[in-house]
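Okay, structure first, notes after.
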Amino acid sequence: GEEHDLYNINVPLMVIGTFIIVIGWSLLNACGYGMHSLNSVDGRYAAELAFMNTFLGGSFSGFIAFLLKRHVVVGDHQLTPRYDIRSLCNGYLSGVAAVTAGSGVMKPWSALVTGVIQAFLYMLLCLIMKKVKIDDPMENF
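The number in this note's numbering is simply the position in the sequence shown, starting from 1, with 1 added.
Given below as structure tokens:
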């Protein structure tokens with residue numbers, strides 16, 4: 002019954018945490034994908050492709066969520082800032098997670114498409130969580 006300010010977030014810590022997670026995740030994708038050997042050309046190519054696709058999927062997902070989330074998840078516009086850093090960070094993390102499985106074999110354009118689709122799925126799930134009234138102030142579910 003009582004109102005809470007769900008938008009009171011320590012933004013610098015959220016951005017630093019997102020940065021640390023994404024760097025670790027991209028290195029995990031690059032080093033753990035394919036033949037596990039950087040001594041061959043194919044192994045290096047798979048690692049480079051996984052590294053690049055991880056950043057492409059996350060970047061496009063974060064960018065779309067950053068720009069469009071306010072319009073998709075309609076709510077109290079006084080509490081929802083126009084450009085929400087939480088949307089950027091969580092959109093980026095969801096895009097990185099979406100391309101992880103095929104990051105070493107997918108083409109860069111398909112990582113981009115996967116990131117865009119994931120951005121809309123992220124916004125849709127945020128809308129569902131808000132409608133169901135599940136308390137998730139960081140939107141990490």
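Every residue, glycine too, gets a C-beta built ideally from N, C-alpha and C.
Please read these numbers as outputs of a predicted model, since none were measured by experiment.
*At least three beta-carbon pairs within less than 8 Å, the region 121 to 131 to the region 55 to 69*: Contact holds: three or more Cβ-Cβ distances are below 8 Å.
*Where D136 sits in the DSSP three-state scheme*: Here DSSP, grouped into helix, strand and coil, assigns D136 to coil.
*Which residues bound the alpha helix (DSSP H) around N40?*
DSSP places N40 in no alpha helix (DSSP H); its state is neither H nor E.
*Could you please give the first and the last residue of the uninterrupted alpha helix (DSSP H) stretch that includes T19?*
Annotation: the continuous alpha helix (DSSP H) that includes T19 extends over 12 to 33.
*Can you list, in chain order, the residues of its chain whose CB lies under 7 Å from that of T19, leaving out five sequence neighbours each side?*
Correct list, in chain order: C90, Y93, L94.
_Please give me, in chain order, every unbroken run of the alpha helix (DSSP H) with length at least 4 that falls completely inside the region 80 to 104._
The region 80 to 104 contains these whole alpha helix (DSSP H) runs: 86 to 100.
*Measure the alpha-carbon distance for S88 versus M107 and round it to whole angstroms.*
Spanning the alpha carbons of S88 and M107 requires a straight line of approximately 26 Å.
_From W110, D85, L57, D43, residue whose alpha carbon lies closest to that of V23_ = Considering only W110, D85, L57, D43, the residue with the shortest C-alpha distance to V23 is L57.
*Buried or exposed for V97, please, with buried defined as at least 16 other CB atoms from any protein chain shown within 10 angstroms of its CB.*
The Cβ neighbour count for V97, taken over all protein chains shown within 10 Å, is at least 16; the residue is labelled buried.
*asked:* For a quick check, are the C-beta atoms of F61 and N30 less than 8 Å apart?
replied: No, Cβ-Cβ distance for F61 and N30 is not below 8 Å.
*Would you report the Cα separation of N54 and P109, rounded to the nearest angstrom?*
Between the alpha carbons of N54 and P109 lies a distance of about 6 Å.
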